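Peer 1: Dumping the structure here so I can ask a few things about it.
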Amino acid sequence: MMNFEDFDQAYDWFAPRYEPIPFKEMTRAQLRQVVKLFKEDQGPRTAYVAEYLGSTSGKDFPTLSDLEQLLRLGRESLDRTGPQMDDISGTFFSLAIDFAFCLCTFLQKYRSDVEWAASKTSKKTLTYNRPLIARPDYEASEGYIDGLQFFSDSLRSSVRRGKTVDDVMRQLKRSIKRNFDIDFS
Numbered sequence: 008m009m010n011f012e013d014f015d016q017a018y019d020w021f022a023p024r025y026e027p028i029p030f031k032e033m034t035r036a037q038l039r040q041v042v043k044l045f046k047e048d049q050g051p052r053t054a055y056v057a058e059y060l061g062s063t064s065g066k067d068f069p070t071l072s073d074l075e076q077l078l079r080l081g082r083e084s085l086d087r088t089g090p091q092m093d094d095i096s097g098t099f100f101s102l103a104i105d106f107a108f109c110l111c112t113f114l115q116k117y118r119s120d121v122e123w124a125a126s127k128t129s130k131k132t133l134t135y136n137r138p139l140i141a142r143p144d145y146e147a148s149e150g151y152i153d154g155l156q157f158f159s160d161s162l163r164s165s166v167r168r169g170k171t172v173d174d175v176m177r178q179l180k181r182s183i184k185r186n187f188d189i190d191f192s
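Have a look at this one:
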């Protein structure tokens with residue numbers, strides 16, 4: 008894995024093409040536009056990440072190892088912000104989006120029906136009004152992963168609880184198995 012300072016200096020942050028307002032405050036039309044833009048940006052951004060990370064997996068990018076490398080970079084970014092974790096860097100948020108794009112691409116290799124979707128979950132859920140990586144028949148409780156939320160919440164939790172990126176990877180594999188019936192154990 009490359010030196011984090013070198014990575015952070017050269018890493019080209021993902022600049023969202025949508026108005027930067029919290030997802031929960033977006034209208035349904037705004038969220039559908041974000042999902043449309045995510046679908047358009049996923050291919051070029053995944054290619055950038057593959058080239059930037061110097062992936063050895065070639066045309067198979069991303070692999071579980073590539074996703075793990077993104078999680079490790081995100082963890083390193085969090086570790087550098089210190090214990091307050093409220094001063095998160097743009098690098099961390101950009102990595103969250105890149106991780107979500109790569110996770111969607113990864114899942115699409117195993118299930119062709121996986122796609123970005125505008126959340127149709129209840130207002131009571133954490134995934135209300137968010138872009139989700141989902142099966143077309145997803146329900147409020149299964150069949151999707153919120154890639155952005157998974158990245159930030161899992162890494163923040165790992166820092167607070169003294170867990171490792173390996174623990175986060177095990178959690179990711181369980182979530183993929185539960186929601187997409189793809190087993191990597």
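Each number in the working numbering corresponds to the 1-based position in the sequence shown with 7 added. In this text, a Cβ means the ideal position worked out from N, Cα and C, and glycines have one as well. Computed from a predicted model, the values in this text were never measured in an experiment.
With respect to the alpha helix (DSSP H) encompassing I28, which residues constitute its N-terminal and C-terminal limits?
Peer 2: Along the sequence shown, read from residue 1 onward, the residue named residue 28 stands at position 21. Where I28 is concerned, there is no enclosing alpha helix (DSSP H), given that its DSSP letter is neither H nor E.
Peer 1: Check this for me: beta carbons of L179 and L38, under 9 angstroms apart or not?
Peer 2: Residue 179 sits at position 172 when you count from the first residue of the sequence shown. Residue 38 sits at position 31 when you count from the first residue of the sequence shown. No. Outside cutoff.
Peer 1: With 16 other CB atoms within 10 Å as the buried threshold, where does E58 fall?
Peer 2: Here residue 58 is taken as the residue at index 51 of the sequence shown, counted from 1. Exposed is the call here.
Peer 1: Please classify P51 as buried or exposed, where buried requires at least 16 other C-beta atoms within 10 Å of its C-beta.
Peer 2: If you number the sequence shown from 1, residue 51 lands on position 44. With a threshold of 16 other beta carbon atoms within 10 Å, P51 falls short and is exposed.
Peer 1: What residues in its chain sit with their C-beta under 8 angstroms from that of R176, if we drop five residues either side in the sequence?
Peer 2: On the sequence shown, residue 176 is found 169 positions in, with the first residue counted as 1. Sequence inspection shows Met at residue 176; the Arg mentioned does not correspond to that position. Once the five neighbours on either side are set aside, the close Cβ partners of M176 are L71, L74, E75, L78.
Peer 1: Output the residue ranges of the beta strand (DSSP E) runs that lie fully inside the stretch 112-141 and measure 3 residues or longer, sorted by chain position.
Peer 2: Here the runs fully enclosed are 122-125, 138-141.
Peer 1: Beta-carbon within less than 6 angstroms of R82's beta-carbon, same chain only, minus the 5 sequence neighbours each way: which residues are those?
Peer 2: As a first step, residue 82 is located in the sequence shown; it is residue number 75 there, counting from the start. Within its own chain, the residues whose Cβ lies closer than 6 angstroms to the Cβ of R82, once the five positions on either side in sequence are excluded, are L162, V172, listed in chain order.
Peer 1: Out of V42, S129, T98, point me to the one whose CA is closest to F11's CA.
Peer 2: Against the sequence shown, residue 11 aligns to sequence position 4. The shortest C-alpha separation from F11 is found at T98.
Peer 1: Can the beta-carbon of I7 be found less than 9 angstroms from the beta-carbon of Y117?
Peer 2: Within the shown structure, residues of the chain are numbered from 8 to 192, placing residue 7 beyond reach of any answer.
Peer 1: Give the DSSP-derived three-state secondary structure of Y145 in the structure shown.
Peer 2: In the sequence shown, the residue the question calls residue 145 occupies position 138. In the structure shown, Y145 sits in coil (DSSP, three-state: anything other than H, G, I, E or B).
Peer 1: Expressed to the nearest angstrom, what Euclidean distance is found between the alpha-carbon atoms of Q16 and Y55?
Peer 2: Within the sequence shown, the letter at position 9 stands for residue 16. Within the sequence shown, the letter at position 48 stands for residue 55. One C-alpha to the other measures close to 15 angstroms.
Peer 1: Rounded to the nearest angstrom, what separates K130 and E26 at their Cα positions?
Peer 2: Here residue 130 is taken as the residue at index 123 of the sequence shown, counted from 1. Here residue 26 is taken as the residue at index 19 of the sequence shown, counted from 1. Rounded to whole angstroms, K130 to E26 spans 22 angstroms at the Cα level.
Peer 1: From the DSSP output, which residues share a beta bridge with I152?
Peer 2: Here residue 152 refers to the residue found at position 145 when the sequence shown is read from its first residue. The partner list for I152 (beta bridge, DSSP) reads I140.
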